[in-house]
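In my numbering, the protein residues as written are 1 to 334.
In structure tokens:
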């Protein structure tokens with residue numbers, strides 16, 4: 001079977017979004033029905049109105065870029081059935097950008113500590129904006145990146161432990177040693193099981209660069225899980241795919257437009273991409289001295305989105321060249 005790690009890695013939903021799009025398309029109606037039965041539909045009227053304005057925008061008839069906003073929560077009070085609730089404690093904010101030519105997927109990680117303008121509240125972190133509800137969170141990200149959002153997904157990150165259990169463990173590399181929730185992780189390869197996956201993903205260890213190291217760890221987790229989904233046959237084996245859909249979809253809440261037919265469409269359009277067509281990007285940011293906190297890396301203070309690089313990222317989203325931005329960012333880091 002063709003290597004399809006890039007499809008698998010489209011956001012922390014990994015198995016549950018674009019992954020299943022390809023699989024559901026391959027194994028037809030049964031899995032599509034299982035997806036629709038498993039996920040919870042977000043019915044917040046303000047969010048529905050926000051997304052409807054984007055859906056109704058005129059197009060030329062060809063495919064358009066798609067921006068999917070992913071929120072992850074580890075708050076047990078934020079249950080799937082309360083996806084439209086007024087308070088969302090988000091531990092993950094990520095934008096999945098799918099270009100019009102469907103040549104890849106670019107994933108933009110947004111640090112929770114990023115300072116933004118929150119309507120009615122002045123300046124605060126983007127995580128605080130999300131805590132006011134999904135509509136406010138969507139508006140804050142949309143304003144920050146200068147783009148409208150097509151779809152929204154809320155993920156209960158407890159899904160990670162279930163997913164790792166399905167895979168029989170996931171080996172992930174970290175560039176720093178840290179401790180989280182009673183688990184010790186080394187600098188180098190770490191074999192995660194169902195008891196340690198969420199601890200690794202949400203680790204709030206005393207990293208030298210705080211939030212940014214956590215984001216790096218999360219990106220590495222997504223890469224590793226995507227590769228293992230391929231190697232263990234969870235796309236090629238109908239029984240394994242069926243089990244994954246049944247087990248993981250209940251951890252997801254999606255907007256009403258993100259049904260199985262939408263998933264199948266994206267999966268078929270992205271079916272030709274490979275591992276090199278997935279790009280991970282972290283929102284350009286630096287310590288915000290105006291936050292009054294001397295902490296490093298935004299672990300306790302706030303991060304300020306970098307002016308020039310942020311404008312370049314916004315421009316690349318607007319003209320659908322985020323892959324070029326990602327390539328240039330990689331060169332600058334070398």
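Using N, Cα and C, we set each Cβ at its ideal position, and we do this for glycine too. Predicted model, so just to flag it, every value in this text is computed and none were measured.
Sequence-distant partners of residue 177 (beyond 5 residues in either direction) whose C-beta falls short of 6 Å from its own C-beta, in its chain, are 186, 187. Note on residue 195: under 16 other CB atoms within 10 angstroms of its CB, so exposed under the neighbour-count rule. Counting along the chain, residue 188 sits inside no alpha helix (DSSP H); it lies in the beta strand (DSSP E) bounded by residues 188 to 192.
A distance of 8 Å or more separates the beta carbons of residue 126 and residue 72. Distances from the CA of residue 134 to each of 322, 50, 270, 158 were compared; the closest alpha carbon is that of 50. Put simply, of 168, 321, 74 the residue whose alpha carbon is nearest the alpha carbon of residue 231 is 168. Collapsing the DSSP output to three states places residue 199 in a helix. Counting along the chain, residue 138 sits inside the alpha helix (DSSP H) bounded by residues 134 to 145. Residue pairing by DSSP places residue 184 opposite 179 in a beta bridge. Per DSSP, the beta-bridge partners of residue 304 are 286. For residue 40, the secondary structure class from DSSP, reduced to helix, strand or coil, is strand.
By the neighbour-count definition (other C-beta atoms within 10 Å, threshold 16), residue 189 is an exposed residue. Shown here, residue 158 sits in coil according to DSSP, grouped into three states, outside any helix or strand. Boundaries cannot be given for residue 100, as no beta strand (DSSP E) includes it and DSSP labels it neither H nor E.
Ranked by Cα distance from residue 243, the options 129, 229, 52 are led by 229. The Cβ atoms of residue 109 and residue 283 sit closer than 8 Å to each other.
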